[in-house]
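**Student:**
In the numbering used here, the protein residues as written are -17 to 589.
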């Protein structure tokens, strides 16, 4: 069992999912609710708005977009919100763009941030269609055509990718936005970019944990001294500040911004919740990700070895006299640094030197501790997971009890913890994931279902419940909602049956690519519309049920989550239902006080 394979479980499936979304959207015409031409303004080839950003001394900057008549929206793609993070700005806090040009032609997606390729045969590089660049801090705005009496609520999308990869261009919101118009809840859609990998999330080492690291490993401390931690989080905050200042020019209401993200994007949102309230958003929807782990791992020894390899691979082990390792890494070409990061990922695991870190500033402590002490913003949120989060994320082939123990040991080195987890997740296929599949093993080793159950609960279900539990304990009753996505892939999807209700399946429904929307009687089509309606209702009203409209409704009432009843909505084609969120209660509760580390230690039995 290779270590790099074992710890890559969060990256590859998310990127595969992202590619499938783009591919499906390009091939599948939208034939859902039509957009009446009476609601759209006359054709405008190049719609233009003018913003007055403070970073440009409030000078008027023209943004020239594109008219999308088939969807009734105008798009503005590739708007820079930060100065290019290159040269001396590599590993630096993002700086607001000063806009030297008075006109920006915003008609093409921007390149993805530099990132490692997807190591899966048949799946193209996620940044391939629009390229990759270190100059990547751009955002995109979609706004409905026509005049509106009041500014519109804003959905701000944050992509996932294990903090290692991802790009906004993967997610075209056209179908979702058309549905929101049909529901008479038109909204403005914004998607943002943030730096990934070692460019955006270089691991930092607290001084107290450097005792066993050699001098070459001290580069992690150099990053800390330079304030070069959690740069991707700072990128997102700067983008949110841009939205607060400029979204009004696009018809958006800066007081009604809802953050929506999936996987690492959802984790990023939860990290924003742990900041002091700066008025950057009103509410959030966290899809398959809430931060309640031990950030950065339980030891700095493996990251120190990773940095040592990074220095050797970039030539920074033999640097000029007086130049620090940090300064050397800042000046090497981006492609060289990316290639070196790939060598570290292949040897020690992808997140070894690239993940959120406790920096004493943006992230004061481990997330689960901040939650316990109520140190988070009291803002309405929805948070949910798929039923089988762990299936496609467990990329190790666990075949025996010993291999299962080795798999768990990467997160839990203590023998007592390993033994407890073995009992909570026995080697019984009927109790494994995909759940509800009985003793069926789909031609794979039975232990795989066991490992998938553990992975999904430890990394996704437990943080979700912990976030909800903290909200209930600190006065947020009636302002939180939760869901479980139980639908398996539709027949046309290229997913194996053992995937079950896999990680990110809900994205396909939210963005309208899971079903042939021309058939409105198809249960998968109805389910897609349910997702879109609940989400837009929440964006409008901070309540997925929206406001009461006289007459019959096909929407299942979604009760708020409370500590007594623990009610959640179970999504399933043709049969959404309210359930009690208490499945595997003892097993999932184990991780509340003993959360897994964000980065496993690959030395503990996985090599």
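Cβ atoms here follow ideal geometry from the backbone N, Cα and C, with glycine treated the same way.
Let me check understanding here. Comparing Cα to Cα, which of 70, 391, 120 lies closest to residue 89?
**Tutor:** 120
**Student:** Can you round the beta-carbon distance between residue 256 and residue 357 to whole angstroms, since I take them to be within the 8 Å contact cut?
**Tutor:** 7 Å
**Student:** Is DSSP giving residue 130 helix, strand or coil here?
**Tutor:** coil
**Student:** With H, G and I counted as helix, E and B as strand and the rest as coil, what does DSSP make of residue 387?
**Tutor:** helix
**Student:** Can you look up residue 21 in the DSSP assignment and give me helix, strand or coil?
**Tutor:** Reliability of the predicted coordinates at residue 21 is poor, the pLDDT of 36 falling under 50, and no value is obtained from them.
**Student:** Out of 50, 33, 49, point me to the one whose CA is closest to residue 43's CA.
**Tutor:** Checked all of 50, 33, 49; the closest Cα to residue 43 is 33.
**Student:** Taking only the alpha-carbon atoms, compute the straight-line gap between residue 198 and residue 322 and give it to the nearest angstrom.
**Tutor:** Note that residue 198 scores a pLDDT of 49, beneath 50, so its modelled location is shaky; the value from the coordinates is reported in the next line. Going from the Cα of residue 198 to the Cα of residue 322 covers about 15 Å.
**Student:** Which whole runs of the alpha helix (DSSP H) in the stretch 457 to 518 are 4 residues long or more, in chain order?
**Tutor:** Here the runs fully enclosed are 487 to 492.
**Student:** Beta-carbon within less than 6 Å of residue 196's beta-carbon, same chain only, minus the 5 sequence neighbours each way: which residues are those?
**Tutor:** Annotation note: pLDDT 48 at residue 196 (below 50); position unreliable, coordinate value reported separately. Same-chain partners within the cutoff: there are none.
**Student:** Does the beta-carbon distance from residue 272 to residue 445 come in below 8 Å?
**Tutor:** yes
**Student:** Given 8 Å as the limit, is there contact between the stretch 110 to 119 and the stretch 91 to 99, that is, 3 or more CB pairs closer than that?
**Tutor:** Enough Cβ pairs lie closer than 8 Å, so yes.
**Student:** Can you list the beta strand (DSSP E) stretches of 3 or more residues lying completely in the stretch 14 to 94, in chain order?
**Tutor:** Counting only runs of 3 or more, we get 30 to 33, 43 to 46, 48 to 50, 55 to 62, 85 to 87.
**Student:** Can you tell me the Cβ-Cβ gap for residue 563 and residue 576, rounded? I've got them flagged as a contact below 8 Å.
**Tutor:** Contact between residue 563 and residue 576 does not hold, since the beta-carbon distance rounds to 20 Å and is not under 8 Å.
**Student:** Look up residue 364 in the DSSP assignment and give the residues it is bridged to.
**Tutor:** Its beta-bridge partners are 267, 463.
**Student:** Is residue 360 closer than 8 Å to residue 438 when the C-beta atoms are compared?
**Tutor:** no
**Student:** Please name the residue in 132, 210, 214 whose C-alpha comes closest to that of residue 147.
**Tutor:** 214
**Student:** By the 10 Å Cβ neighbour count, where 16 or more other Cβ atoms means buried, how is residue 163 classified, buried or exposed?
**Tutor:** buried
**Student:** Less than 8 Å between the C-beta atoms of residue 241 and residue 138, yes or no?
**Tutor:** yes
**Student:** For the alpha helix (DSSP H) containing residue 552, name the first residue and the last one.
**Tutor:** Where residue 552 is concerned, there is no enclosing alpha helix (DSSP H), although the beta strand (DSSP E) it sits in stretches over 549 to 553.
**Student:** Comparing C-alpha positions only, which one of 329, 168, 269 sits nearest to residue 290?
**Tutor:** Shortest Cα-Cα distance from residue 290 to any of 329, 168, 269 involves 329.
**Student:** In three-state DSSP terms, what is residue 523?
**Tutor:** helix
**Student:** Pick out the complete beta strand (DSSP E) segments inside the stretch 209 to 268, 3 residues or longer, and give them in chain order.
**Tutor:** 234 to 244
**Student:** In terms of residue numbering, what span does the alpha helix (DSSP H) encompassing residue 562 cover?
**Tutor:** Residue 562 -> not in any alpha helix (DSSP H); beta strand (DSSP E) instead, spanning 559 to 562.
**Student:** Relative to the alpha-carbon of residue 311, which residue among 349, 69, 48 has its alpha-carbon at the smallest distance?
**Tutor:** 69
**Student:** Flag this pair as yes or no: are the beta carbons of residue 469 and residue 553 separated by less than 8 Å?
**Tutor:** yes
**Student:** With a floor of 4 residues, list each alpha helix (DSSP H) that falls wholly inside the stretch 306 to 333, ordered by position along the chain.
**Tutor:** 307 to 313, 316 to 330
**Student:** Assuming contact is defined by CB atoms lying nearer than 8 Å, are residue 209 and residue 133 in contact in what I supplied?
**Tutor:** no
**Student:** Give me the residue from 383, 388, 392 with the minimum Cα distance to residue 408.
**Tutor:** 383
**Student:** Between which residues of its own chain and residue 541 is the CB-CB distance below 7 Å, once the five residues before and five after are set aside?
**Tutor:** 549, 560
**Student:** Quick one, are the C-beta atoms of residue 244 and residue 486 less than 8 Å apart?
**Tutor:** yes
**Student:** For residue 460, collect the residues of the same chain with a Cβ closer than 6 Å to its Cβ; drop the 5 residues on either side in sequence, then sort them by chain order.
**Tutor:** 542
**Student:** Hey, would you say residue 517 sits closer than 8 Å to residue 492, going by beta carbons?
**Tutor:** The answer is yes: Cβ separation under 8 Å.
**Student:** Here's the rule I'm using: 16 or more other beta-carbon atoms within 10 Å means buried, otherwise exposed. How should residue 219 be labelled?
**Tutor:** Buried, by the Cβ-count rule.
**Student:** Alpha carbon to alpha carbon, what distance is there between residue 261 and residue 362?
**Tutor:** 13 Å
**Student:** Hey, how far is the Cα of residue 235 from the Cα of residue 136?
**Tutor:** Using only the alpha carbons, I get a separation of about 7 Å.
**Student:** Taking C-alpha atoms, which residue in 318, 47, 64, 173 lies nearest to residue 37?
**Tutor:** 64
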